[in-house]
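In my numbering, the protein residues as written are 2 to 151.
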(Lines of atoms letter the chains of each structure in order from A; the text may use other names.)
(Lines give C-alpha, C1' and ligand atoms only; values in the text may rest on other atoms or scores of the structure.)
Protein backbone atom coordinates (compact mmCIF):
# COMPACT_ATOMS: atom_id res chain seq x y z
CA UNK A 2 0.00 0.00 0.00
CA UNK A 3 1.48 3.36 -1.03
CA UNK A 4 1.83 6.34 1.31
CA UNK A 5 -0.84 8.17 -0.71
CA UNK A 6 -3.26 5.26 -0.41
CA UNK A 7 -2.59 5.04 3.35
CA UNK A 8 -3.17 8.79 3.87
CA UNK A 9 -6.39 8.77 1.83
CA UNK A 10 -7.70 5.70 3.68
CA UNK A 11 -6.84 7.29 7.05
CA UNK A 12 -8.62 10.53 6.03
CA UNK A 13 -11.74 8.59 5.05
CA UNK A 14 -11.63 6.62 8.30
CA UNK A 15 -11.31 9.83 10.36
CA UNK A 16 -14.24 11.38 8.50
CA UNK A 17 -16.42 8.37 9.33
CA UNK A 18 -15.37 8.53 13.00
CA UNK A 19 -16.08 12.28 13.13
CA UNK A 20 -19.40 12.02 11.30
CA UNK A 21 -18.34 14.32 8.46
CA UNK A 22 -18.59 13.61 4.75
CA UNK A 23 -15.55 13.07 2.53
CA UNK A 24 -17.03 13.85 -0.87
CA UNK A 25 -15.36 12.57 -4.06
CA UNK A 26 -14.22 16.14 -4.87
CA UNK A 27 -12.66 16.62 -1.43
CA UNK A 28 -10.92 13.27 -1.77
CA UNK A 29 -9.68 14.20 -5.25
CA UNK A 30 -8.28 17.55 -3.99
CA UNK A 31 -6.56 15.76 -1.09
CA UNK A 32 -5.09 13.20 -3.51
CA UNK A 33 -3.80 15.99 -5.76
CA UNK A 34 -2.12 17.70 -2.80
CA UNK A 35 -0.55 14.45 -1.61
CA UNK A 36 0.70 13.61 -5.11
CA UNK A 37 2.23 17.04 -5.63
CA UNK A 38 5.04 16.32 -3.10
CA UNK A 39 5.49 20.05 -2.52
CA UNK A 40 3.28 22.97 -1.63
CA UNK A 41 0.63 23.82 -4.20
CA UNK A 42 -1.57 26.88 -4.67
CA UNK A 43 -5.36 26.78 -4.97
CA UNK A 44 -5.18 27.80 -8.62
CA UNK A 45 -2.61 25.09 -9.40
CA UNK A 46 -5.02 22.65 -7.75
CA UNK A 47 -7.86 24.01 -9.87
CA UNK A 48 -5.85 23.47 -13.06
CA UNK A 49 -5.10 19.86 -12.04
CA UNK A 50 -8.71 19.23 -10.97
CA UNK A 51 -10.02 20.49 -14.31
CA UNK A 52 -8.26 17.58 -16.03
CA UNK A 53 -10.81 15.20 -14.50
CA UNK A 54 -13.60 17.70 -13.74
CA UNK A 55 -13.69 20.37 -16.49
CA UNK A 56 -16.60 22.18 -14.78
CA UNK A 57 -14.56 22.83 -11.59
CA UNK A 58 -14.45 26.47 -10.48
CA UNK A 59 -12.41 28.28 -7.79
CA UNK A 60 -15.17 27.92 -5.13
CA UNK A 61 -15.02 24.13 -5.63
CA UNK A 62 -11.36 24.08 -4.66
CA UNK A 63 -11.70 26.61 -1.84
CA UNK A 64 -14.61 24.72 -0.26
CA UNK A 65 -12.61 21.48 -0.42
CA UNK A 66 -9.56 23.22 1.06
CA UNK A 67 -11.64 24.71 3.89
CA UNK A 68 -12.92 21.24 4.75
CA UNK A 69 -9.48 19.62 4.53
CA UNK A 70 -7.95 22.37 6.71
CA UNK A 71 -10.73 22.06 9.29
CA UNK A 72 -10.18 18.30 9.49
CA UNK A 73 -6.39 18.71 9.81
CA UNK A 74 -5.67 16.81 6.59
CA UNK A 75 -3.72 19.67 5.01
CA UNK A 76 -1.74 22.67 6.22
CA UNK A 77 -1.76 26.13 4.72
CA UNK A 78 1.69 27.55 4.13
CA UNK A 79 0.77 31.12 4.95
CA UNK A 80 3.96 32.72 3.66
CA UNK A 81 3.49 31.27 0.17
CA UNK A 82 -0.33 31.01 0.16
CA UNK A 83 -0.12 27.33 -0.71
CA UNK A 84 -1.04 23.97 0.81
CA UNK A 85 0.66 20.72 1.76
CA UNK A 86 -0.69 17.38 2.94
CA UNK A 87 -0.37 16.65 6.63
CA UNK A 88 1.94 13.72 7.27
CA UNK A 89 0.33 12.76 10.62
CA UNK A 90 -3.44 12.56 10.18
CA UNK A 91 -5.49 12.40 13.36
CA UNK A 92 -2.73 13.56 15.72
CA UNK A 93 -4.51 14.95 18.81
CA UNK A 94 -2.10 17.79 19.62
CA UNK A 95 -1.13 18.71 16.10
CA UNK A 96 1.58 21.30 16.18
CA UNK A 97 4.02 21.22 13.31
CA UNK A 98 6.98 23.00 11.89
CA UNK A 99 7.32 23.63 8.15
CA UNK A 100 10.77 23.89 6.60
CA UNK A 101 10.36 25.88 3.37
CA UNK A 102 13.05 26.03 0.68
CA UNK A 103 13.22 29.49 -0.85
CA UNK A 104 15.00 28.13 -3.95
CA UNK A 105 12.88 25.19 -5.10
CA UNK A 106 9.72 25.68 -3.00
CA UNK A 107 9.92 22.25 -1.33
CA UNK A 108 8.13 22.12 2.03
CA UNK A 109 8.94 19.52 4.68
CA UNK A 110 6.64 19.05 7.66
CA UNK A 111 8.40 18.16 10.91
CA UNK A 112 7.24 17.61 14.46
CA UNK A 113 9.29 18.59 17.48
CA UNK A 114 7.48 17.84 20.72
CA UNK A 115 10.05 19.81 22.72
CA UNK A 116 9.46 22.94 20.62
CA UNK A 117 5.69 22.53 20.92
CA UNK A 118 6.04 22.10 24.70
CA UNK A 119 8.26 25.19 24.95
CA UNK A 120 5.76 27.30 22.97
CA UNK A 121 2.89 26.01 25.10
CA UNK A 122 4.73 26.84 28.36
CA UNK A 123 5.76 30.27 27.06
CA UNK A 124 2.23 31.11 25.95
CA UNK A 125 0.76 30.01 29.29
CA UNK A 126 3.03 32.55 31.01
CA UNK A 127 0.98 35.17 29.16
CA UNK A 128 -2.34 33.52 29.99
CA UNK A 129 -2.74 32.23 26.44
CA UNK A 130 -3.70 28.67 25.53
CA UNK A 131 -2.42 27.38 22.18
CA UNK A 132 -4.82 25.03 20.40
CA UNK A 133 -2.88 24.72 17.17
CA UNK A 134 0.29 26.13 15.69
CA UNK A 135 2.32 25.91 12.54
CA UNK A 136 5.81 27.39 12.63
CA UNK A 137 7.23 28.31 9.22
CA UNK A 138 10.99 28.45 8.74
CA UNK A 139 12.50 29.61 5.45
CA UNK A 140 15.91 28.62 4.13
CA UNK A 141 17.56 26.33 1.60
CA UNK A 142 16.95 22.57 1.47
CA UNK A 143 19.72 19.99 1.39
CA UNK A 144 19.21 19.26 -2.32
CA UNK A 145 19.52 22.95 -3.30
CA UNK A 146 22.55 23.34 -1.05
CA UNK A 147 24.18 20.44 -2.88
CA UNK A 148 23.52 21.93 -6.32
CA UNK A 149 24.87 25.30 -5.14
CA UNK A 150 28.07 23.67 -3.85
CA UNK A 151 28.67 21.63 -7.04
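All residues carry an ideal CB built from backbone N, CA and C; glycine is no exception.
Note that this is a predicted model, so its numbers are computed, not measured.
Exposure label - residue i; buried when at least 16 CB within 10 Å
i	result
residue 129	exposed
residue 29	buried
residue 61	buried
residue 35	buried
residue 76	buried
residue 2	exposed
residue 83	buried
residue 85	buried
residue 53	exposed
residue 119	exposed
residue 41	buried
Limits of the alpha helix (DSSP H) - the one that residue i falls within
i	result
residue 5	4 to 19
residue 34	25 to 37
residue 97	Note, residue 97: premise wrong, no alpha helix (DSSP H); beta strand (DSSP E) at 96 to 102.
residue 115	114 to 126
Residue i - containing beta strand (DSSP E), residue span
i	result
residue 108	108 to 111
residue 157	Past the boundaries of the shown model lies residue 157; the chain is included only from 2 to 151, so the question cannot be answered.
residue 137	134 to 140
Residues near residue i by beta carbon distance below 8 Å, same chain, minus five either side
i	result
residue 90	8, 11, 12, 15, 73, 74
residue 141	102, 103, 104, 149
residue 22	16
residue 19	72
residue 138	98, 99, 100, 101
Proximity test, Cβ basis, 8 Å: residue i and chain D
i	result
residue 140	The chain labelled as chain D is not found in the depicted structure, where only one protein chain is given.
Chain-order list of residues whose beta-carbon lies under 6 Å from that of residue i (same chain, five-residue window excluded)
i	result
residue 50	57
residue 124	131
7 Å Cβ shell around residue i - same chain, five flanking residues per side excluded
i	result
residue 45	none
residue 32	5, 9
Within the chosen definition, does the segment 101 to 118 reach the segment 49 to 59 through at least 3 CB pairs nearer than 8 Å? A contact is defined here as three or more CB-CB pairs under 8 Å, and the segment 101 to 118 fails this definition with respect to the segment 49 to 59.
Does the segment 139 to 147 come into contact with the segment 110 to 121, if we say contact requires no fewer than three beta-carbon pairs (one atom in each stretch) closer than 8 Å? Three or more Cβ pairs closer than 8 Å define a contact, and the segment 139 to 147 falls short of that threshold against the segment 110 to 121.
Any chance you could list the alpha helix (DSSP H) runs of at least 4 consecutive residues sitting entirely within the segment 50 to 77, in chain order? List check, alpha helix (DSSP H) in window: 59 to 71.
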